[in-house]
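Novice: Number 111 in the numbering used here belongs to position 50 of the sequence shown; there are no gaps in the numbering. Don't be surprised by glycine CBs; every beta carbon is placed ideally from N, CA and C. Computed from a prediction, not measured in an experiment: that's the story for all the values here.
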Amino acid sequence: MTKQTSLLKDYREKRNFTVTGEPEGSVQHRSSKKNLLYVFQKHQASHLHYDFRLEWGGVLLSWAVPKGPSLDTSVKRLAEPVEDHPLEYAGFEGVIPEGEYGAGTVMLWDLGTWTPDEPNVEASLKAGELKFKLNGEKLRGAWVLIRSGSEDHGSKKPQWLLIKRKDRYASTDDVLAERPRSVASDRLLTDIARDFNGDVAKAAKGDPD
Ligand code: MN
Numbered sequence: 062m063t064k065q066t067s068l069l070k071d072y073r074e075k076r077n078f079t080v081t082g083e084p085e086g087s088v089q090h091r092s093s094k095k096n097l098l099y100v101f102q103k104h105q106a107s108h109l110h111y112d113f114r115l116e117w118g119g120v121l122l123s124w125a126v127p128k129g130p131s132l133d134t135s136v137k138r139l140a141e142p143v144e145d146h147p148l149e150y151a152g153f154e155g156v157i158p159e160g161e162y163g164a165g166t167v168m169l170w171d172l173g174t175w176t177p178d179e180p181n182v183e184a185s186l187k188a189g190e191l192k193f194k195l196n197g198e199k200l201r202g203a204w205v206l207i208r209s210g211s212e213d214h215g216s217k218k219p220q221w222l223l224i225k226r227k228d229r230y231a232s233t234d235d236v237l238a239e240r241p242r243s244v245a246s247d248r249l250l251t252d253i254a255r256d257f258n259g260d261v262a263k264a265a266k267g268d269p270d
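#1: Going by other Cβ atoms of all chains shown within 10 Å of its Cβ, with 16 needed for buried, is residue 225 buried or exposed?
#2: Between which two residues does the beta strand (DSSP E) carrying residue 171 extend?
#3: Check residue 70 in the structure and name its three-state DSSP category.
#4: Could you check if residue 110 belongs to the surroundings of the ligand FAD, using beta carbon to heavy atom distance under 7 Å?
#5: Note down, in chain order, each residue of its chain lying with its Cβ closer than 6 Å to the Cβ of residue 179, except the 5 sequence neighbours on either side.
#6: Measuring straight from C-alpha to C-alpha, what distance separates residue 106 and residue 121?
#7: Around the C-beta of residue 103, are 16 or more other C-beta atoms found within 10 angstroms, so that it is buried, or is it exposed?
#8: Nearest to residue 187 by alpha carbon, out of 196, 221 and 233?
#9: For residue 101, count the other beta carbons within 10 Å of its own beta carbon; 16 or more makes it buried, fewer makes it exposed. Which is it?
#10: Just to confirm my understanding: we take residue 236, look at its own chain, exclude 5 residues before and 5 after, and list those with CB closer than 8 Å. What are they?
#11: Starting from the N-terminal side, write out each stretch of the alpha helix (DSSP H) that is 4 residues or longer and does not extend beyond the region 220 to 266.
#12: Please report how far the alpha carbon of residue 248 lies from the alpha carbon of residue 270, in whole angstroms.
#13: Between residue 75 and residue 218, what straight-line distance do the alpha-carbon atoms span, to the nearest angstrom?
#14: Do you know offhand how far residue 252's Cα is from residue 146's?
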């Protein structure tokens, strides 16, 4: 999450848009706050991880979740803040070429909308607790992002935890293993890598055996 003055600056500085197929994108202040985008991308880069993104303030606030989400309310998943992404990123599925930032295969693992419990999202993030509802294909209901430790860690990056809250969508089912395919194309990572001339063997590391 970056300051207003540098919206998407970090995102653009990391990428060469003449090489990667990722969108250059733009900051889009949409008038409606009713249909805020939510996306979870599965990303087989040097390490498999999941990228959690929530539309806010014209961009997608983003966190890398190494182990992905869990529907189990007793499981806390580390969520590391990363640079804001453009809204167009919620439509990106494909391959980031070798040598580029985040090289590897990206899948649209889940997609939908989200609603903050409290309207002042900036205040919630500053306070270190953001409660919200997800309305995706795979993830639904009440969730929370909680910052572990204070906002000012000095040189250390703040860490957040993504946790399912109790409701009828909570479960001990392993949603990552049971629903490994793209919500946009029904493809596995290997299918996407093959279709975009990516590294199929590398992508296979992120697919179920
Ligand atoms: Mn990523």
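Specialist: Taking the geometry as given:
#1: Buried: at least 16 other Cβ atoms inside 10 Å.
#2: Taken as a continuous stretch (DSSP letters only), the beta strand (DSSP E) holding residue 171 covers 165 to 177.
#3: Here DSSP, grouped into helix, strand and coil, assigns residue 70 to helix.
#4: With respect to the ligand FAD, the structure shown offers nothing to examine, as its ligands consist of the ligand MN.
#5: Spatial neighbours of residue 179 in its own chain (CB-CB distance under 6 Å, excluding positions within 5 residues in sequence) are listed in chain order as 185.
#6: Rounded to whole angstroms, the gap between the alpha carbons of residue 106 and residue 121 is 20 Å.
#7: Around the CB of residue 103, 16 or more other CB atoms lie within 10 Å, so the residue is classed as buried.
#8: Taking only the C-alpha atoms, the option nearest residue 187 is 221.
#9: Residue burial is scored here from C-beta neighbours: residue 101 has at least 16 other C-beta atoms within 10 angstroms and is therefore classed as buried.
#10: Apart from the 5 residues on each side of it in sequence, residue 236 sits with its Cβ closer than 8 Å to the Cβ of 130, 131, 132, 199 and 200 in its chain, given in chain order.
#11: 236 to 239, 250 to 256 and 261 to 265, all fully within the region 220 to 266.
#12: Cα to Cα, residue 248 sits roughly 15 Å from residue 270.
#13: Taking the CA atoms as reference points, residue 75 sits about 18 Å from residue 218.
#14: Looking at the two C-alpha atoms, the distance is approximately 25 Å.
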